[in-house]
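Asker: Structure below; questions to follow.
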Amino acid sequence: MIKHHPIDQAIEVYLENLDLKTLSIKNYQGILKNYAHYLKSRNIRYPRRSEVLNYRSHIYDKGLTNTSIQKHMVVIKSFYRWARLNQSYHKLDECFINDISEGVKGAKVEQIYRKEPLSLEQVGELYEVSKPKTGDIIELRNHAMIVLMIVTGLRTVEVSRAKLKDISILEGKTPILYVQGKGRDGKDEFVKLPEIVVNAINEYKRKRTDKNKFLFTRHQKEENDKPLSRDFIGKMIKKMLLKAGIDSPKITPHSLRHTVAHLNLKHGGSIESTQQLLRHKNIETTMIYAHNIRRIEDLSEERIANMLEQEQLKGEED
């Protein structure tokens with residue numbers, strides 16, 4: 000196995016020059032580290048295009064989904080393209096003069112959502128089990144988060160970033176929460192807060208005595224000024240889902256966001272209003288929800304099955 004590989008220096012410099020969020024850089028680092036290990040473990044010092052293709056087959060055989068394979072290939076292709084353009088400037092190994100990944104395809108990803116939304120009945124059950132049974136501040140916090148997410152469709156990261164000062168009144172009458180959305184640097188978007196959400200948040204805020212600037216905090220004995228992590232919020236939601244009797248690998252904390260889209264579309268909301276609600280940059284993303292709903296409500300299979308049953312009955316009568 001190769002210990003010192005030309006790709007190590009190139010990856011290090013590439014990551015240092017990425018203009019992305021810290022989490023994205025960590026994801027890139029993990030993907031490229033796995034790719035580098037694949038080359039080293041097979042004593043491939045100077046890979047060719049065939050090695051990139053073989054690696055794609057390798058991760059497919061490991062059971063990665065098409066979405067994951069596509070992500071891996073996008074990162075690897077981006078790395079090799081950057082290395083070719085910057086080989087001379089950063090004095091990288093001469094093996095990076097050419098982009099060996101050029102023309103290599105990723106994996107075809109179907110435009111569907113694999114996580115299921117909750118039904119209206121399940122939303123009601125989740126709401127009920129999240130209601131505070133005592134005056135405990137943790138119960139009040141969890142209830143406020145659940146109500147906020149099942150009404151506005153906020154992502155866990157957006158809930159984590161929310162601060163007390165982000166709540167405002169628009170035009171003197173409409174309560175809103177300014178949101179730092181996915182891939183955004185500032186809080187230039189907002190969601191409206193109906194009375195049911197405002198009441199839940201206010202009840203939680205009245206119980207608070209800490210000086211934490213974030214809308215939701217852990218309430219530990221030792222006070223800090225840190226937000227709840229996405230992982231912490233996700234685990235809390237999963238526990239609430241299980242408490243409501245909702246246990247499915249296809250239902251995750253992000254399903255709450257899908258639920259908001261489905262409920263809005265199924266109960267009279269337009270595609271445009273749903274796009275605004277979820278703050279999708281591209282309406283094509285919102286269209287996927289509408290397509291899924293139309294497909295679920297389509298009775299083509301049942302229609303054909305009924306025809307076959309009728310034919311079978313006719314045959315028995317003859």
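In terms of numbering that gives the first Met the number 0, the sequence shown opens at residue 0 and continues consecutively.
Even glycine gets a Cβ: it sits at the ideal position worked out from N, Cα and C.
#1: On the criterion of 16 or more Cβ atoms from any shown chain inside 10 Å, does GLU300 qualify as buried, or is it exposed?
#2: Just list the alpha helix (DSSP H) runs in the stretch 45-104, keeping only unbroken ones of 4 residues or longer that don't cross its boundaries, in chain order.
#3: For the beta strand (DSSP E) that PRO174 lies in, which residues bound it at each end?
#4: Quick check on the DSSP output: the beta strand (DSSP E) that includes SER167 runs from which residue to which?
#5: Roughly how many angstroms separate the alpha carbons of SER254 and ILE166, rounded to a whole number?
#6: For the beta strand (DSSP E) containing GLU188, name the first residue and the last one.
#7: Where does PHE215 fall in DSSP's three states?
#8: Quick one: using the 10 Å Cβ neighbour count with 16 as the cut-off for buried, is ALA304 buried or exposed?
#9: Measure the C-alpha to C-alpha separation of TYR337 and GLU93 and round it to an integer number of angstroms.
#10: Bridge partners of LYS225, per DSSP?
#11: Express the C-alpha separation of ALA289 and LYS313 in angstroms, rounding to a whole number.
#12: How would you call MET148, buried or exposed, if buried means at least 16 neighbouring beta carbons within 10 angstroms?
#13: DSSP three-state call for LYS32: helix, strand or coil?
#14: For the 8 Å Cβ check, are there 3 or more pairs between the stretch 137-145 and the stretch 192-210?
#15: Could you pull the DSSP bridge partners for LYS162 from this structure?
#16: Quick one: Cα of VAL178 to Cα of LYS186, how far?
#17: How is ALA106 classed by DSSP in three states: helix, strand or coil?
#18: Please check if any C-beta of chain C sits within less than 7 Å of the C-beta of LEU119.
#19: Look up GLU301 in the DSSP assignment and say whether it is helix, strand or coil.
#20: Taking PRO193 as the reference, give the member of GLU15, PHE215, ILE175 with the closest Cα.
#21: If you reduce the DSSP assignment to three classes, tell me which class SER272 lands in.
#22: Are GLU115 and ILE232 close, meaning C-beta to C-beta below 7 Å?
#23: Any idea what DSSP makes of GLY233, helix, strand or coil?
#24: Could you tell me the distance, in whole angstroms, from the CA atom of PRO131 to the CA atom of ASN16?
#25: Measure from the alpha carbon of GLN69 to the alpha carbon of each residue in LEU38, ILE30, ARG41, then state which is nearest.
#26: Ordered along the chain, which non-local residues of its own chain (more than five positions away) have a Cβ less than 7 Å from that of THR155?
#27: By alpha-carbon positions, which one of GLY180, VAL74, LEU119, LYS164 ends up nearest to VAL150?
#28: How is MET286 classed by DSSP in three states: helix, strand or coil?
#29: In whole angstroms, what separates the C-alpha of VAL51 from that of LYS237?
#30: The alpha helix (DSSP H) that contains GLU120, what's its start and end?
#31: Indicate, with yes or no, if the ligand MN has a heavy atom lying under 6 Å from the CB of ARG183.
#32: Give the C-beta separation of LEU73 and GLY123 to the nearest angstrom, bearing in mind that I take them to be a contact with Cβ-Cβ under 8 Å.
Answerer: A quick look at the data gives this:
#1: Here residue 300 corresponds to residue number 301 of the sequence shown, with the count starting at 1. It counts as exposed.
#2: 48-60, 65-85
#3: Sequence index remark: in the sequence shown, residue 174 carries index 175 (1-based). Element bounds for PRO174: 173-178.
#4: Sequence index remark: in the sequence shown, residue 167 carries index 168 (1-based). Note, SER167: beta strand (DSSP E), 166-169.
#5: In the sequence shown, counting from the first residue as 1, residue 254 sits at position 255. In the sequence shown, counting from the first residue as 1, residue 166 sits at position 167. Near 24 Å, if we compare the C-alpha coordinates of ILE166 and SER254.
#6: On the sequence shown, residue 188 is found 189 positions in, with the first residue counted as 1. Per DSSP, GLU188 belongs to the beta strand (DSSP E) from 188-191.
#7: Here residue 215 refers to the residue found at position 216 of the sequence shown. Coil.
#8: Reading the sequence shown from its first residue, position 305 is the one you call residue 304. Under this definition ALA304 is an exposed residue.
#9: Not covered by the structure: residue 337. The range shown for the chain is 0 to 317.
#10: Here residue 225 refers to the residue found at position 226 of the sequence shown. None, per the DSSP bridge assignment.
#11: Translated into positions along the sequence shown, residue 313 becomes position 314. Translated into positions along the sequence shown, residue 289 becomes position 290. Their Cα atoms are separated by approximately 38 Å.
#12: Taking the first residue of the sequence shown as position 1, residue 148 is located at position 149. By the 10 Å Cβ count, MET148 comes out buried.
#13: Reading the sequence shown from its first residue, position 33 is the one you call residue 32. Correct three-state label for LYS32: helix.
#14: yes
#15: Along the sequence shown, read from residue 1 onward, the residue named residue 162 stands at position 163. Note: LYS162 sits in a beta bridge opposite PHE213.
#16: Sequence index remark: in the sequence shown, residue 178 carries index 179 (1-based). Sequence index remark: in the sequence shown, residue 186 carries index 187 (1-based). Roughly 5 Å between the two C-alpha positions.
#17: Position 107 of the sequence shown, counting from 1, holds the residue named residue 106. Three-state result, ALA106: coil.
#18: Protein chains in the displayed structure number just one, and chain C is not present.
#19: What you label residue 301 is simply residue 302 of the sequence shown in a count that begins at 1. DSSP places GLU301 in helix when its eight states are reduced to three.
#20: Residue mapping note: residue 193 aligns to position 194 of the sequence shown, counting from 1. Here the closest residue by C-alpha is ILE175.
#21: Translated into the one-based positions of the sequence shown, residue 272 becomes position 273. Three-state result, SER272: helix.
#22: Reading the sequence shown from its first residue, position 116 is the one you call residue 115. Reading the sequence shown from its first residue, position 233 is the one you call residue 232. Going by C-beta atoms, GLU115 is not nearer than 7 Å to ILE232.
#23: Looking up residue 233 in the sequence shown gives position 234. It is helical.
#24: The count along the sequence shown starts at 1 and reaches residue 131 at position 132. The count along the sequence shown starts at 1 and reaches residue 16 at position 17. Going by the C-alpha atoms only, they are around 48 Å apart.
#25: Position 70 of the sequence shown, counted from the start, is the residue given in the question as residue 69. The shortest C-alpha separation from GLN69 is found at ILE30.
#26: Walking along the sequence shown from the start, residue 155 turns up at place 156. Within the same chain, THR155 has close Cβ partners ARG229, ILE232, GLY233, PRO252.
#27: In the sequence shown, the residue the question calls residue 150 occupies position 151. Here the closest residue by C-alpha is LEU119.
#28: For the purposes of this step, residue 286 is taken as the residue at position 287 of the sequence shown. Helix.
#29: Looking up residue 51 in the sequence shown gives position 52. Looking up residue 237 in the sequence shown gives position 238. Roughly 38 Å separates the two Cα atoms.
#30: Position 121 of the sequence shown, counting from 1, holds the residue named residue 120. Taken as a continuous stretch (DSSP letters only), the alpha helix (DSSP H) holding GLU120 covers 119-129.
#31: Ligands are entirely absent from the displayed structure, and the ligand MN is therefore not among its contents.
#32: Locating residue 73 in the sequence shown gives position 74, where the first residue counts as 1. Locating residue 123 in the sequence shown gives position 124, where the first residue counts as 1. Note that residue 73 is Val in the sequence shown, not Leu. Not quite, the Cβ-Cβ distance comes to about 40 Å (not below 8 Å), so this is no contact.
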